[in-house]
């Protein structure tokens with residue numbers, strides 16, 4: 002009897018589950034599907050002025066160069082810019098910690114005559130493009146060899162916080178004062194400017210010449226020997242403190258800001274040379290987005306794009322994962338045979354498309370899009386052919402806004418009931434159970450339709466959480 006009761010219970014649960022699955026399928030089959038969201042970004046490098054302002058010290062033409070980049074991005078459905086606002090402990094805004102960048106005027110510390118970062122952010126937002134403020138955490142200056150002199154140290158930077166090596170001068174990562182200073186710089190940026198993200202690149206502890214050592218035994222004896230069994234663990238912890246505390250500063254100051262890091266593609270190098278424990282950051286949830294720099298070609302070797310991305314797909318835990326593409330290598334005769342056509346770039350995108358964890362791409366770097374060597378723009382136009390929404394990258398489950406109501410049509414004008422502080426996505430349906438096309442994003446409560454079809458609207462919050470679908474309206 003007990004057996005029969007058990008058997009009946011199992012069958013009953015199975016039937017309920019089956020009905021539940023059928024109900025879910027019915028919901029999915031009886032509505033259009035939304036296209037996958039993705040971030041499509043471009044790095045704009047300003048160290049040595051290489052992408053911007055490229056040796057141009059005139060404010061008006063500087064502005065136009067940036068606008069030209071943004072227009073190119075918008076034209077190709079690129080929705081995020083990662084702009085280097087602090088590449089060498091120099092600033093693209095008026096900071097209490099470091100002086101104006103030499104790259105803006107030709108003279109270190111000279112005011113360029115306009116609020117550069119405010120302009121950069123506002124122009125991006127005018128085009129619906131996210132602005133991520135890119136910082137290099139430790140680098141202060143570089144030189145070709147020991148025979149050369151480093152640039153004069155900024156008067157705002159205490160010399161005792163710095164450390165010199167053969168080719169690079171850095172903030173000393175081991176000093177608690179340095180760790181606090183870097184975090185305070187992030188606080189200053191997000192408090193003063195409406196940036197959408199804070200972004201760090203792959204430079205942590207420096208990669209030195211083979212003959213050099215980090216020479217940080219004194220710091221280890223002072224700050225770490227009692228706590229850490231090895232100097233290597235001490236170094237990794239020094240970086241961990243900065244990474245973790247930047248997130249805390251963001252959450253305390255402006256929790257809507259997205260926090261991303263783009264480590265080197267080879268994680269062994271990250272861990273053992275740069276002392277960047279990226280896997281720990283991901284496991285602990287200290288960073289929102291990891292964007293490994295996968296600047297190699299497709300293949301089956303351990304160093305190939307495919308194997309690197311496969312590895313990162315396995316070891317990115319609490320983070321969103323995006324791919325950094327090295328478009329700068331295409332057309333470089335020294336980069337190898339596969340970089341002499343754009344074919345492998347398309348293969349890289351296609352392989353990344355098979356990894357469900359990948360939520361976007363960032364291209365290094367802006368000027369290479371303009372140069373368009375070996376026709377890489379043909380690939381970009383193909384891959385980014387249709388516009389998409391940015392993904393929700395929040396740290397907690399998304400709170401969805403309510404779906405638009407009172408959706409109606411008056412001639413070609415589609416309208417709905419407005420809700421303050423929301424944007425709206427307008428989609429054209431391709432049929433029940435089919436992926437719809439995003440035709441526009443607006444802050445208004447109306448949209449002019451260009452062609453016949455069935456349309457619906459969703460609401461989008463400031464952090465890109467998207468509502469359920471409105472009712473369908475046919476034009």
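Residue numbers (my numbering): 2 to 476. Cβ atoms here follow ideal geometry from the backbone N, Cα and C, with glycine treated the same way.
Through-space distance from residue j to residue i, alpha-carbon basis
i, j, result
"residue 254", "residue 285", "20 Å"
"residue 480", "residue 443", "Summary: the structure shown does not reach residue 480, with the chain confined to residues 2 through 476, and so no result is reported for it."
"residue 136", "residue 85", "6 Å"
"residue 234", "residue 462", "41 Å"
"residue 408", "residue 80", "27 Å"
"residue 55", "residue 433", "50 Å"
"residue 413", "residue 440", "14 Å"
"residue 232", "residue 318", "27 Å"
"residue 268", "residue 203", "11 Å"
"residue 405", "residue 391", "19 Å"
"residue 22", "residue 31", "Only weak support is given to the placement of residue 22: the predicted model assigns it a pLDDT of 35, under 50, and the value that follows is read from those uncertain coordinates. About 14 Å."
"residue 200", "residue 118", "15 Å"
"residue 476", "residue 428", "13 Å"
"residue 401", "residue 352", "31 Å"
"residue 224", "residue 161", "16 Å"
"residue 142", "residue 69", "29 Å"
"residue 426", "residue 152", "49 Å"
"residue 191", "residue 122", "12 Å"
"residue 358", "residue 146", "42 Å"
"residue 103", "residue 222", "37 Å"
"residue 477", "residue 179", "Shown here, the chain extends from 2 to 476; a query on residue 477 therefore has no answer."
"residue 226", "residue 264", "27 Å"
"residue 164", "residue 148", "17 Å"
"residue 471", "residue 51", "46 Å"
Assumed close pair residue i, residue j - CB separation to whole angstroms, cut-off 8 Å
i, j, result
"residue 248", "residue 280", "That pair is no contact at about 16 Å."
"residue 363", "residue 88", "17 Å between Cβ atoms; not a contact."
"residue 109", "residue 155", "7 Å"
"residue 120", "residue 82", "Contact flag wrong, Cβ pair sits at about 13 Å."
"residue 96", "residue 189", "6 Å"
"residue 416", "residue 455", "Wrong, their Cβ atoms sit about 16 Å apart, outside the cutoff."
"residue 259", "residue 197", "6 Å"
"residue 403", "residue 466", "Rounded, the Cβ-Cβ distance is 11 Å, inconsistent with contact."
"residue 290", "residue 310", "About 15 Å separates the two Cβ atoms, so there is no contact after all."
"residue 71", "residue 130", "6 Å"
"residue 369", "residue 329", "5 Å"
"residue 1", "residue 175", "Residue 1 falls outside the range modelled here, since the chain spans only 2 to 476, and no answer is possible."
As assigned by DSSP and simplified to three states, the class of residue i
i, result
"residue 85", "strand"
"residue 195", "coil"
"residue 253", "helix"
"residue 468", "coil"
"residue 298", "coil"
"residue 438", "strand"
"residue 201", "strand"
"residue 112", "coil"
"residue 455", "strand"
"residue 132", "strand"
"residue 429", "strand"
"residue 409", "strand"
"residue 262", "strand"
"residue 92", "strand"
"residue 377", "helix"
"residue 282", "helix"
"residue 276", "coil"
"residue 461", "strand"
Among the options, nearest to residue i - alpha-carbon criterion
i, options, result
"residue 76", "409, 453, 389", "389"
"residue 468", "475, 457, 312", "457"
"residue 36", "445, 441, 461, 437", "437"
"residue 215", "198, 251, 230, 173", "173"
"residue 379", "400, 347, 353, 368", "347"
"residue 61", "473, 34, 102, 114", "114"
"residue 182", "275, 454, 138", "138"
"residue 105", "47, 246, 130", "47"
"residue 355", "382, 386, 239, 314", "314"
"residue 447", "410, 31, 319, 305", "410"
"residue 274", "450, 206, 39, 38", "206"
"residue 171", "140, 186, 177", "140"
"residue 294", "302, 322, 300", "322"
"residue 240", "272, 161, 227", "272"
"residue 208", "381, 166, 220, 178", "166"
"residue 365", "39, 40, 34, 44", "44"
"residue 393", "464, 381, 435", "464"
"residue 316", "292, 419, 326", "292"
"residue 193", "326, 94, 256", "94"
"residue 99", "307, 186, 375", "186"
"residue 450", "474, 49, 52", "474"
Proximity test, residue i beta-carbon vs the ligand MN heavy atom, cut-off 8 Å
i, result
"residue 159", "By its list of ligands, the structure shown contains no ligand whatsoever, and the ligand MN lies outside what it can speak to."
TODO: Please go through the stretch 284 to 366 and give each complete beta strand (DSSP E) segment of 3 or more residues, from N-terminal end onward.
DONE: Runs of the beta strand (DSSP E) lying entirely within the stretch 284 to 366 and spanning at least 3 residues, in chain order: 321 to 326, 359 to 365.
- [ ] Pick out the complete alpha helix (DSSP H) segments inside the stretch 164 to 242, 4 residues or longer, and give them in chain order.
- [x] When DSSP assignments are scanned along the stretch 164 to 242, the uninterrupted stretches of alpha helix (DSSP H) that are 4 or more residues long and fall wholly within it turn out to be 177 to 193.
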